[in-house]
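Asker: First residue of the sequence shown? That's 1 in full-length UniProt numbering, and the numbers climb one at a time after it. We put the beta carbon where it would ideally sit given N, CA and C, even for glycine.
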Amino acid sequence: MSLLVGAGNILFWLLGRLAITYEVYVGTEFDRALSADTQAKLSLEVAEQNERFEIARDINELIIQKVTAVISQAEGGSYAAKADPSSALRSLERVAASARAAHTELRRLFDMLNKTHSVSAAPPGIEELQNLAITYREFGYNVSITHEGPRFEIAEGAGLAIYRIVFDSLENVKLHCIVGTDVSIAFSWVEEGLQVLIKDNGVESMRRSQVSLDVEDAGYTAEDDARSLVETIKGAGLTAMRERASLYGGGIEATRVPGVGFTVSAIFPHLRSLAGKK
Numbered sequence: 001m002s003l004l005v006g007a008g009n010i011l012f013w014l015l016g017r018l019a020i021t022y023e024v025y026v027g028t029e030f031d032r033a034l035s036a037d038t039q040a041k042l043s044l045e046v047a048e049q050n051e052r053f054e055i056a057r058d059i060n061e062l063i064i065q066k067v068t069a070v071i072s073q074a075e076g077g078s079y080a081a082k083a084d085p086s087s088a089l090r091s092l093e094r095v096a097a098s099a100r101a102a103h104t105e106l107r108r109l110f111d112m113l114n115k116t117h118s119v120s121a122a123p124p125g126i127e128e129l130q131n132l133a134i135t136y137r138e139f140g141y142n143v144s145i146t147h148e149g150p151r152f153e154i155a156e157g158a159g160l161a162i163y164r165i166v167f168d169s170l171e172n173v174k175l176h177c178i179v180g181t182d183v184s185i186a187f188s189w190v191e192e193g194l195q196v197l198i199k200d201n202g203v204e205s206m207r208r209s210q211v212s213l214d215v216e217d218a219g220y221t222a223e224d225d226a227r228s229l230v231e232t233i234k235g236a237g238l239t240a241m242r243e244r245a246s247l248y249g250g251g252i253e254a255t256r257v258p259g260v261g262f263t264v265s266a267i268f269p270h271l272r273s274l275a276g277k278k
């Protein structure tokens, strides 16, 4: 059953990514072309997975029947052995035969569901952030990604942790900032480490929108500047980011920039030695 649950999660992830490509496009021509290509590939993957799930359901029903038979034979054998100890051996043989048959079907189910494991079940990483940026540009946020310095390959787990940190940061922008906010995601690679800097100008964008609507601009004060220097920003989302970063020797710093917006800095000083691919 855990195989079916895991496979179901894969399909839901694929369906979610597919649904995103159907959003109304407000990105660039390149974004639309990349989305169309991604959509075609995901449509094929989903169709293949649907076929496998049809087969998986049939195999799953057969496995349930066989496991039920194993339980019934084991329970019956325990009662029979009390009356006729010599029957215990025959009962165990029947139980073993049924268990082997169930195991064979489980192996068949596992092999069938993992035919495209390397393609469909691969966790998102740094390369998939471009598609994520397209999604948020379609939502109306001006997201850009840049890389500086000599890049190096990292393990899937580290890539997934960085992806989730960026994803959670963008979700915070979507939750707290207006459409039209600029978001820059800057990767700074050095020989042994990496810094990911996610900056938005949500406060500035809001002020501009208020000015255009003739709403009085409260601005910000010197006290705001001073408070931002000592403020410790907390929250469940930041706690989760810090936990993910700590798995690879990293740390998270979140700061509020008065009059501008919010900045999240993820620093992994020893990423190459901890998670770099040899």
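Could you pull the start and end residues of the beta strand (DSSP E) that T255 belongs to?
Answerer: Per DSSP, T255 belongs to the beta strand (DSSP E) from 251–257.
Asker: Determine the closest residue to G180 out of E204, A161, S188, with distance taken between C-alpha atoms.
Answerer: Answer by Cα proximity: E204.
Asker: Judging by CA-CA distance, which residue of A96, E75, T263, E61 is the nearest neighbour of V166?
Answerer: With distances taken between Cα atoms, V166 lies closest to T263.
Asker: Take every Cβ of the segment 137–147, pair it with every Cβ of the segment 172–192, and state whether three or more of those distances are shorter than 8 angstroms.
Answerer: Touching, yes, given that three or more Cβ pairs across the two stretches are closer than 8 angstroms.
Asker: Count the other CB atoms, across all protein chains shown, that sit within 10 Å of the CB of D73; report buried if there are 16 or more and exposed otherwise.
Answerer: According to the sequence as given, residue 73 is Gln; it is not Asp. So Q73 counts as buried.
Asker: Just the Cα atoms here: how many angstroms apart are G202 and A102?
Answerer: Each residue's Cα considered, the two are about 57 angstroms apart.
Asker: Measure the Cβ-Cβ separation of S87 and A69 and say whether it is below 8 angstroms.
Answerer: Not a contact, by the Cβ cut-off of 8 angstroms.
Asker: Work out the CA separation of S246 and A127 for me, nearest whole Å.
Answerer: Here residue 127 turns out to be Glu, not Ala, going by the sequence shown. Computed Cα separation, rounded: 21 angstroms.
Asker: Using a threshold of 8 angstroms, state whether the C-beta atoms of L197 and Y163 are closer than that.
Answerer: Contact: no.
Asker: Return the first residue and the last residue of the beta strand (DSSP E) that S273 is part of.
Answerer: Element bounds for S273: not the beta strand (DSSP E) but the alpha helix (DSSP H), 271–275.
Asker: State the start and end residues of the unbroken alpha helix (DSSP H) segment that holds G157.
Answerer: First-last of the alpha helix (DSSP H) with G157: 156–176.
Asker: Quick check for students: name the residue ranges of the alpha helix (DSSP H) that lie wholly in the segment 176–210, counting only runs of 4 or more.
Answerer: None, since the segment 176–210 contains no complete alpha helix (DSSP H) of that length.
Asker: State the DSSP-derived secondary structure class of F268, mapped to helix, strand or coil.
Answerer: Note: F268 maps to strand in three-state DSSP.
Asker: Expressed to the nearest angstrom, what Euclidean distance is found between the alpha-carbon atoms of N60 and I267?
Answerer: Whole-angstrom Cα-Cα distance: 46 angstroms.
Asker: Note down the Cα distance separating S78 from R94, rounded to an integer number of angstroms.
Answerer: Taking the straight line joining both Cα atoms gives about 13 angstroms.
Asker: Helix, strand or coil, according to DSSP, for F262 in the structure here?
Answerer: Three-state DSSP puts F262 in a strand.
Asker: Considering just the uninterrupted stretch of the alpha helix (DSSP H) at I134, what are its terminal residues?
Answerer: Segment 129–139, the alpha helix (DSSP H) holding I134.
Asker: On the DSSP bridge assignment, give the partners of V95 in chain order.
Answerer: Answer by DSSP bridge pairing: none, since V95 is not bridged.
Asker: Express the C-alpha separation of S209 and G259 in angstroms, rounding to a whole number.
Answerer: Going by the C-alpha atoms only, they are around 13 angstroms apart.
Asker: Quick one: using the 10 Å Cβ neighbour count with 16 as the cut-off for buried, is F110 buried or exposed?
Answerer: The residue in question, F110, is exposed, as its Cβ has fewer than 16 Cβ neighbours within 10 Å.
Asker: Please check the pair G157 and R272, which I expect to be a contact at CB under 8 angstroms, by giving their CB distance rounded to whole angstroms.
Answerer: Incorrect: roughly 14 angstroms between the Cβ atoms, too far for contact.
Asker: Taking the C-alpha atoms as reference points, what is the distance between F187 and E148?
Answerer: Those two C-alpha atoms are separated by around 6 angstroms.
Asker: Would the beta-carbon of G276 fall within 8 angstroms of that of F152?
Answerer: Contact: yes.
Asker: With DSSP as the reference, label E61 as helix, strand or coil.
Answerer: The answer is helix: DSSP assigns E61 an H, G or I state.
Asker: In whole angstroms, what is the alpha-carbon distance linking P269 and L132?
Answerer: Roughly 25 angstroms separates the two Cα atoms.
Asker: Under the rule that 16 or more other beta-carbon atoms within 10 Å means buried, what is L170, buried or exposed?
Answerer: Looking at its Cβ environment, which holds 16 or more other Cβ atoms inside 10 Å, L170 is buried.
Asker: Residues in the same chain with beta-carbon distance under 7 angstroms from L92, minus the five sequence neighbours each way, listed in chain order, please.
Answerer: The residues are G77.
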